[in-house]
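Notes for the one structure printed next.
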Amino acid sequence: MPLLVMKFGGTSVADLTRIKNAAQKVKREVERGYDVIVIVSAMSGKTNELVGWVEETSPLFDAREYDAIVSSGENVTAGLMALTLQEMDVPARSWQGWQVPINTTDTHSSARFTSIERANIDTKFSEGFKVAVVAGFQGLSPEGRITTLGRGGSDTTAVAFSAAFQAERCDIYTDVDGIYTTDPRISKKARKLDRIAFEEMLELASLGAKVLQTRSVELAMRFKVRLRVLSSFEDTDENSGTLVCDEEEIMESKVVSGVAYSRDEAKLTLVTVEDRPGIAAAIFGPLAQAGINVDMIVQNISELQGADKTRAVTDMTFSCPTSQVARARKALEEAAAQGHIKYDTLVEDNDVAKVSVVGIGMRSHTGVAAKMFSALSAENVNIKVISTSEIKISVLIDRKYMELAVQALHDAFELDKVS
Ligand code: ADP
Ligand code: ASP
Ligand code: MG
Numbered sequence: 007m008p009l010l011v012m013k014f015g016g017t018s019v020a021d022l023t024r025i026k027n028a029a030q031k032v033k034r035e036v037e038r039g040y041d042v043i044v045i046v047s048a049m050s051g052k053t054n055e056l057v058g059w060v061e062e063t064s065p066l067f068d069a070r071e072y073d074a075i076v077s078s079g080e081n082v083t084a085g086l087m088a089l090t091l092q093e094m095d096v097p098a099r100s101w102q103g104w105q106v107p108i109n110t111t112d113t114h115s116s117a118r119f120t121s122i123e124r125a126n127i128d129t130k131f132s133e134g135f136k137v138a139v140v141a142g143f144q145g146l147s148p149e150g151r152i153t154t155l156g157r158g159g160s161d162t163t164a165v166a167f168s169a170a171f172q173a174e175r176c177d178i179y180t181d182v183d184g185i186y187t188t189d190p191r192i193s194k195k196a197r198k199l200d201r202i203a204f205e206e207m208l209e210l211a212s213l214g215a216k217v218l219q220t221r222s223v224e225l226a227m228r229f230k231v232r233l234r235v236l237s238s239f240e241d242t243d244e245n246s247g248t249l250v251c252d253e254e255e256i257m258e259s260k261v262v263s264g265v266a267y268s269r270d271e272a273k274l275t276l277v278t279v280e281d282r283p284g285i286a287a288a289i290f291g292p293l294a295q296a297g298i299n300v301d302m303i304v305q306n307i308s309e310l311q312g313a314d315k316t317r318a319v320t321d322m323t324f325s326c327p328t329s330q331v332a333r334a335r336k337a338l339e340e341a342a343a344q345g346h347i348k349y350d351t352l353v354e355d356n357d358v359a360k361v362s363v364v365g366i367g368m369r370s371h372t373g374v375a376a377k378m379f380s381a382l383s384a385e386n387v388n389i390k391v392i393s394t395s396e397i398k399i400s401v402l403i404d405r406k407y408m409e410l411a412v413q414a415l416h417d418a419f420e421l422d423k424v425s
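Numbering follows this note's numbering, in which position 35 of the sequence shown is assigned residue number 41; successive positions increment by one, without gaps.
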């Protein structure tokens, strides 16, 4: 039997009516002759509520309990989706991660797949079940504890199942009808793309475009999964949505393909750090151990201080998600208390955002950075930190200018126009 994976995100299963609507789409594919693995998210808002309860109960929570709690939203929708399909005479049953089982690492709250065991689901398909409804976002650690895959992780569950079961396609149903040049909620001029290259989507996702979880794009690229994003609210066919595919399959040739943003960034500066060989390792080692996702790093030019001008000092700035600032501060204070690092003060700026332009065309074009900076300067947006890679340029700016910056860059690179 040909097999499809269909993933429904939070807004697509937000209530019983929407679950019914999603189930209709699944039934249609079954009628076309497919076996279907349905991956469901929690009802929209549910995961946030669960995370809120965890943080209120225990600010520096035990990540194993976080996972036990936060994974539960998906269990409810998986069961409800299976029941809804049964009511439509579609033979279906639900699967929680541990029942499949979906094996992962033990890095709680951001676990990675190690394997998906097919046998149990294959047996059910061979017994006549047409649909396996799998709870997204969750798995099982080697110790037998429940894990979760990081926010937005159901996308990754969908791609991993597509690879494991050699699905014909992985369809990600969501609340927009495809992948746009930027978040359509931020810019009215955002334009839907028919296709986007894996590498560009990978950058856009890792820079904040939450339409797909970064890891899902990585896996799709590695295992050559045909990945598509489309609307769960509209009638759709084989040509709907946006296909994420190899660079060679794309006709459009723009230098910049998209603008991404990440709202919840923080900038931390260690002021007057003693500058000596090994200091960066002494700072970022403990941060890594504390699980901090350090992004941009800037070290200022070294300065000589003290009466005899022999004490070399510098300032070290880095960015990380605002949700990790408390943990980062704790890790740095501990490193200082143990004598591993020495600094005068830690300055925190919690009101920054990151805005990035992405495009594979940047590899062969110059002047992209200059164009980006002049577009921002024309809007009087001050740039605090810059970082670049082969196919992206990111800047850290005051959060209040984020939407303005996204729109200005979308205009500057004429992303509303087809090339
Ligand atoms: P789901 O709950 O279905 O997983 P998400 O909220 O995680 O949905 O992702 C869909 C959202 O991603 C859209 O509503 C949109 O606001 C946002 N988004 C950000 N960047 C983009 C983009 N470039 N194209 C499409 N959507 C985007
Ligand atoms: N429910 C989880 C979240 O909100 C996983 C997902 O929706 O993909 O992050
Ligand atoms: Mg999502």
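All residues carry an ideal CB built from backbone N, CA and C; glycine is no exception.
Note that this is a predicted model, so its numbers are computed, not measured.
Leaving aside the five residues that flank Thr187 on each side, the residues in its chain whose CB is nearer than 6 Å to its CB run, in chain order, Ala196, Arg197, Gly264, Leu421. Residues Pro8, Leu9, Leu10, Tyr40, Arg232 of the same chain have their beta carbon placed closer than 8 Å to that of Glu174, with the five preceding and five following residues left out of the count. Proximity to ligand 1 was defined by a C-beta distance below 5 Å to any of its heavy atoms, and the residues meeting it, in sequence along the chain, are Gly15, Gly16, Thr180, Asp181, Val182, Ile185, Tyr186, Asp189, Arg191, Ala215, Lys216, Val217. Pairing Phe204 with Gly142, the inter-Cα distance amounts to about 22 Å. The C-alpha of Phe135 is placed about 43 Å away from the C-alpha of Val364.
In the DSSP annotation of this structure, the continuous segment of the beta strand (DSSP E) that includes Pro327 starts and ends at 317-327. Per the C-alpha coordinates, the member of Val76, Gly58, Thr90, Tyr72 positioned closest to Asp21 is Thr90.
Thr153 places its beta carbon less than 9 Å from that of Asp112.
By the neighbour-count definition (other C-beta atoms within 10 Å, threshold 16), Glu35 is a buried residue.
When the five nearest sequence neighbours on each side are left out, the beta carbons in the same chain lying within less than 7 Å of the beta carbon of Ser193 are those of Val412, Gln413, His416, in order along the chain.
In this structure Ala138 is in contact with Arg99, their Cβ atoms being roughly 7 Å apart against a cut-off of 8 Å. For Asn109, the enclosing beta strand (DSSP E) covers residues 108-110. Nearest neighbour of Met302 by Cα position, chosen from Ser400, Lys406, Ser50, turns out to be Ser400.
The beta carbon of Thr53 sits closer than 8 Å to at least one heavy atom of ligand 2. Under the DSSP assignment, Thr129 falls in the alpha helix (DSSP H) whose first and last residues are 125-132. In the structure shown, Ser362 falls within a strand segment according to DSSP collapsed to helix, strand and coil.
When rounded, the separation of the alpha-carbon atoms in Ala375 and Ser147 is 43 Å. The C-beta distance from Val217 to Ile185 rounds to 6 Å, short enough to fall under 8 Å. Leu310 is positioned such that its CB atom lies no closer than 9 Å to that of Ala266. The three-state secondary structure of Asn356, taken from DSSP, is strand. Taking 8 Å as the upper bound for CB-CB distance, Leu382 and Ser325 are not in contact here, some 17 Å apart.
DSSP places Gln330 in the helix class (H, G or I) of the three-state scheme. Contact annotation: Gln144 and Gly85 have beta-carbon atoms that are not nearer than 9 Å. As computed with DSSP, Thr53 is found in no beta bridge at all. In summary, Ser121 is exposed, with fewer than 16 beta-carbon neighbours lying within 10 Å of its beta-carbon over all protein chains present. Fully contained in the segment 233-309 are the following alpha helix (DSSP H) runs of length 4 or more, in chain order: 285-295. Rounded to the nearest angstrom, the Cβ distance from Val353 to Ala272 is 11 Å, too far for a contact under 8 Å.
Per DSSP, the continuous beta strand (DSSP E) segment holding Ala98 begins and ends at 98-101.
Proximity to Gln172 across Ala69, Asp73, Thr180, Ala226 peaks at Ala226, based on C-alpha coordinates.
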